[in-house]
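A short worksheet on the structure shown next.
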Amino acid sequence: MDRSVLQPAPRRRWVGLAFGALLVVGLPAVLWQTLHGRSGTPAAAGLGRQPATIPVTVAAASRQDVPRILQGIGTAQAVNTVTIRTRVDGALQAILFTEGQEVKAGDPLARIDPRPYQAALDQATAKKRQDEAQLANARHDLARYENLAQRDFGSHQQADTQKAQVDQLQAQVDGDQAAIDNARLQLDYTTIRSPVDGRIGFRQVDIGNILHASETTGIAVVTQTRPISVIFSLPEDRLHSVVQAMAAGPLPVAIDSRDGRNHLGDGVLKLIDNQVDQTTGTIRLKAEFPNADDRLWPGEFVTARLTLGTDRQVLTVPPGAVQRGADGLHVYVAKPDNTVELRTVKAARLDTAPVVISDGLRDGERVVVSGQLKLQPGSRIDPRQAGNGTDGGTDGTAVPVADGAP
């Protein structure tokens, strides 16, 4: 019984050895086939299969006029800002304006109780009439004394004394007139008027309050915003180029909202500050704008774009085309066979969009403006033309892309 059970053992051992040998020989072949695919066999690889194309956006290098623009952040400021205060003491009797109202120079804005000042004017007028009556009487007496002195019926001393009396009364009358003028002026000050054209802000005082000329808090503030100024800063290394350009004529300044979404106005550079701010390394400039449509508001932060001149018919590419590497600037040039070439270029100006190219590219050559991440020299591409208004478009409008760029 035991011998019949042990007899198949050699046969099973042979089968196990054969299976092991098959694994040793076949497993590496299976792994190699898995890792390398079927490219070694023409039937499996497919002789007509092409490398995958990479979708990219391209644009042609072109010549155009590019303005030289400097950009800075600034603040709109009213040409005149006037705090409306009383010039005489008294009770505020009336408010004659509406908050936010447009006012003209000379428009009445408020009124102080005029009665005390009217009484002072009446008193000064009465005093003058009194002194004028005394002066007239003194002049009659002087005429009589001089007549008597000429006929030796009176003393010359008495005539001289009377003449001095006349001169004294004349001085009093002149003083009375000055008092009348002052009283009339004080009365006129009870009507508070706007000194400039502009827009009036919030009312700060209510009717019935006692106002004093010495108070610093005003009734309201009037800002003159037509025209309006914008104060902005540029790096100090731009100073000399601005001075040189300004010497050739007025420099235009365009103002946009802080986020760049809205154009707010066009004006002219009026002033370069007389010193550089050593703390920030910047120079302040002032531009003036008509602001007829009130798009600029005092205190508003804005973006100022100062145009120094224009470079005529320079070679340009969209800013997205220029890549910066360890060996400098380069672009991917799309060749006629829809493969790409990595080419080193030189940029005359990187501070504008489009970028001005000085060397390494020819007019009309297509460059890749987006999708470069997957590219390498010789890659096959599926080019799509950039449209105007995109990052790759060149619509002829130059826009500064960085403050203080070379």
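Here the sequence shown is numbered in my numbering, starting from 131 and rising by one per residue. Beta carbons are placed, not taken as given, at the ideal position from N, Cα and C, and that holds for glycine.
Can you tell me whether DSSP reads residue i as helix, strand or coil?
i	result
D261	helix
D389	coil
I277	It is Asn, not Ile, that sits at residue 277 in the sequence shown. In this structure, N277 counts as helix in the three-state DSSP scheme.
E418	strand
H342	coil
P246	helix
E229	coil
L436	strand
L459	strand
L426	coil
Q292	helix
A208	strand
Near residue i, which residues of its chain fall below 7 Å by C-beta distance, leaving aside the five closest residues on each side in sequence?
i	result
F431	I203, T205 and R388
A254	D306, A309, I310 and A313
K465	E471
Q334	T347, G348, I349 and A350
Taking residue i as the reference, give the member of the options with the closest Cα.
i	options	result
H370	N339, D396, D403 and T353	D403
D489	Y247, V461, P246 and R442	V461
L239	V212, D252 and K258	V212
Q302	E418, S359, A266 and S500	A266
V605	S363, Q231, F419 and R274	In this structure the chain extends from 131 to 536, so residue 605 is not present and cannot be described.
S324	G338, H342 and G348	G348
A260	L299, A294 and A249	It should be pointed out that residue 260 corresponds to Gln in this sequence rather than to Ala. Comparing Cα-Cα distances from Q260 to each of L299, A294 and A249, the minimum goes to L299.
K476	Q201, V447, T433 and R510	V447
I413	V372, L381, R356 and D237	V372
L426	T353, D457, K400 and R492	T353
A289	A273, G439, D512 and D252	A273
R454	Q502, I340, G338 and F332	Q502
Q248	A451, T320, V452 and L480	T320
V383	R479, Q408, I487 and V360	V360
What's the call for residue i, buried or exposed, on a 16-neighbour Cβ count within 10 Å?
i	result
E229	exposed
G395	buried
S363	buried
V155	With a pLDDT of 49 at V155, under the threshold of 50, the modelled position of this residue cannot be trusted; read the value that follows with caution. With fewer than 16 other Cβ atoms within 10 Å, it is exposed.
A224	exposed
Q280	exposed
I330	buried
R245	exposed
N392	exposed
R435	buried
Determine which residues share a DSSP beta bridge with residue i and list them.
i	result
L445	R193
I310	BP columns for I310 are empty, so no partner.
I487	A477
A350	I214
L200	L436
R514	T187
Could you pull out every residue in the same chain whose Cβ sits closer than 8 Å to the Cβ of residue i, ignoring the five residues on either side in sequence?
i	result
P507	V470, E471 and L472
A182	R510
Identify, in the order they occur along the chain, each residue of the same chain with its Cβ nearer than 6 Å to the Cβ of residue i, setting aside the five sequence neighbours on each side.
i	result
F283	none
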